[in-house]
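Trainee: In my numbering, the protein residues as written are 383 to 514.
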Amino acid sequence: MELREARLDREEGYRLLEALQDRATREATLPGLEALAPGFPDWIVTSLFGGTYQREGLSLRDRQIANLAALTALGGVEPQLAGHVRTGLRVGLTAQETVEVFVHLAPYIGVPKALAGLRVAAAALAEEVPAP
């Protein structure tokens, strides 16, 4: 088997991160992480957003659905889950579709984890959707 070279594009990673994540999420995460673990944020952005996200086969919208499912199944990652709920809205998920992801997960990951995800989603969605 011949292995193909992985595409890693640092500049594209930072461009995509800026397009996907809101400024508050970026500023709440990267500087503090850089102070704690120098170079680690750059590795994350370059390998994830400049690598994994650059692969063909899934749209950004589909990737966010997968992220919501994975983070909810993990549990205990509420800040990241809230950020991905907001990112989902930025790539075309509606609030209703976002909620439905968590409902759909219940039989697969358990009702308590699905409910925990819904609580995080409700708070994130409330921040993003202005009250009438």
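In this text, a Cβ means the ideal position worked out from N, Cα and C, and glycines have one as well.
1. Would DSSP call Val473 helix, strand or coil?
2. Whose CA, out of Met383, Ala508 and Trp425, lies closest to the CA of Thr391?
3. How would you label Ala475, buried or exposed, when you count the other beta carbons within 10 angstroms and need 16 or more for buried?
4. Taking 8 Å as the cut-off, decide whether the C-beta atoms of Tyr435 and Arg445 are in contact.
5. Helix or strand or just coil, what does DSSP make of Ala452?
6. Taking contact to mean at least 3 C-beta pairs separated by less than 8 Å, is the segment 475-487 in contact with the segment 413-427?
7. Please report the straight-line C-alpha distance between Arg389 and His486, rounded to a whole angstrom.
8. In angstroms with no decimal places, state the Cα-to-Cα distance between Glu409 and Gly395.
9. Going along the chain, which residues of its own chain have a beta-carbon closer than 7 Å to the beta-carbon of Ile491, five neighbours each way excluded?
10. Thinking just about the alpha-carbon of each residue, which of Val459, Ala464 and Arg386 is nearest to the one in Leu507?
11. On the premise that Leu399 lies in contact with Phe422, defined as a C-beta separation below 8 Å, what is that separation, rounded to the nearest angstrom?
Mentor: Considering the structure as presented:
1. Counting from one through the sequence shown, the residue named residue 473 turns up at place 91. Correct three-state label for Val473: coil.
2. One-based indexing of the sequence shown puts residue 391 at position 9. Correcting the residue identity first, residue 391 is Asp in this sequence and not Thr. Comparing Cα positions, the closest option is Trp425.
3. Counting from 1 along the sequence shown, the entry for residue 475 is found at position 93. In the sequence on display, residue 475 carries Leu and not Ala. Answer is buried; the Cβ neighbour count reaches 16.
4. The residue you call residue 435 lines up with position 53 of the sequence shown. The residue you call residue 445 lines up with position 63 of the sequence shown. For Tyr435 and Arg445, yes; Cβs fall inside 8 Å.
5. Working through the sequence shown from its first residue, we reach residue 452 at position 70. Note: Ala452 maps to helix in three-state DSSP.
6. no
7. As a first step, residue 389 is located in the sequence shown; it is residue number 7 there, counting from the start. As a first step, residue 486 is located in the sequence shown; it is residue number 104 there, counting from the start. So the alpha carbons of these two residues sit roughly 33 Å apart.
8. If you number the sequence shown from 1, residue 409 lands on position 27. If you number the sequence shown from 1, residue 395 lands on position 13. Whole-angstrom Cα-Cα distance: 16 Å.
9. Position 109 of the sequence shown holds residue 491. Thr454 and Ala455, listed in sequence order.
10. For the purposes of this step, residue 507 is taken as residue 125 along the sequence shown, with counting starting at 1. Looking at the Cα atoms, Ala464 is the closest of the given residues.
11. Mapped onto the sequence shown, residue 422 falls at position 40. Mapped onto the sequence shown, residue 399 falls at position 17. Not quite, the Cβ-Cβ distance comes to about 14 Å (not below 8 Å), so this is no contact.
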